[in-house]
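Chemist: Numbering (this note's numbering), first residue to last: 24 to 195.
Where a beta carbon is used, it is the ideal one built from N, C-alpha and C, also for glycine.
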Amino acid sequence: MATVNLSDYKPLHIANAEDFSIGIVFSEWNDFVTYNLRDAALEILEKEGVKAENIKLFPVPGAFELNYASMQLCKERKYDAVIAIGCVIRGETPHFDFVCSAVAQGIKDCNILTDTPTIFCVLTDDTKEQSIARSGGDLGNKGVEAAVTALRMVDFKKNLSEKTGNIGFGHS
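This is how it looks when you write it as structure tokens:
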């Protein structure tokens with residue numbers, strides 16, 4: 024079990040964050056967790072200077088659908104980063120393993136097949152209590168970490184483009 028409060032972070036002070044465009048895809052399954060993750064990510068993005076009108080929200084039915092929606096947003100090339108938010112809680116069947124693996128692979132594919140950083144904010148916990156602890160409970164909120172990661176990756180990409188003269192990494 025994690026022992027770090029995920030909501031503890033130092034302000035990033037990234038230049039031009041107000042110009043960043045972020046897409047947030049979130050699962051409506053286990054919404055008692057995913058809405059808390061989404062709201063924490065929104066709060067951090069806005070606190071760091073991203074304009075509210077530059078943050079777009081896209082609900083999907085479940086974690087498995089995060090892959091399709093995230094890839095579509097990446098292909099549009101309108102977003103500097105995409106955050107994929109979901110929650111899969113272990114049950115009594117192998118369904119948990121299949122969904123978790125597929126979602127992790129799908130988000131990985133967004134990162135290597137497109138030029139858009141895609142952030143994995145999918146809780147894969149054994150119990151409901153573990154998910155609650157990581158979505159605003161005792162261990163903070165993983166949505167904070169996802170927003171910080173998105174901002175840092177957009178900043179990385181923009182700095183790399185400035186240093187190398189490339190618009191992107193060569194993937195589309």
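Quick check: the Cα distance between Lys131 and Thr147, rounded to an integer number of angstroms?
Modeler: If I take the Cα positions, the gap works out to 16 Å.
Chemist: Would Phe43 be called buried (16 or more neighbouring beta carbons within 10 Å of its own) or exposed?
Modeler: Phe43 is buried by the Cβ-count criterion.
Chemist: Considering just the uninterrupted stretch of the alpha helix (DSSP H) at Phe143, what are its terminal residues?
Modeler: Note, Phe143: premise wrong, no alpha helix (DSSP H); beta strand (DSSP E) at 141 to 148.
Chemist: Starting from Ser50, follow the beta strand (DSSP E) in both directions and report where the run begins and ends.
Modeler: Start and end: 45 to 50.
Chemist: From what residue to what residue does the alpha helix (DSSP H) around Leu3 run?
Modeler: Absent from the structure is residue 3, since the part of the chain shown begins at 24 and ends at 195.
Chemist: Measuring straight from C-alpha to C-alpha, what distance separates Phe81 and Gly46?
Modeler: Roughly 7 Å between the two C-alpha positions.
Chemist: Using DSSP's beta-bridge definition, name the partner residues of Ala82.
Modeler: Residue identity differs from the one stated: residue 82 is Pro in this sequence, not Ala. The partner list for Pro82 (beta bridge, DSSP) reads Phe49.
Chemist: Please state if the CB of Leu89 and the CB of Ile78 are separated by a distance shorter than 8 Å.
Modeler: It is not a contact, given that the beta carbons lie outside the stated cut-off.
Chemist: Considering only residues of the same chain and omitting the five flanking positions on each side of His1, which have a CB-CB separation below 6 Å?
Modeler: For residue 1 there is no data in the structure shown, the boundaries of the chain being 24 and 195.
Chemist: For Leu35, which option in Val56, Gly85, Lys70, Thr187 has the closest C-alpha, if you only look at C-alpha atoms?
Modeler: Ranking the options by Cα distance to Leu35, first place goes to Lys70.
Chemist: Does DSSP put Gly160 in a helix, a strand or coil?
Modeler: Gly160: strand per DSSP, three-state reduction.
Chemist: Return the CA-CA distance between Gly163 and Ala86, expressed in angstroms with no decimal places.
Modeler: Going by the C-alpha atoms only, they are around 21 Å apart.
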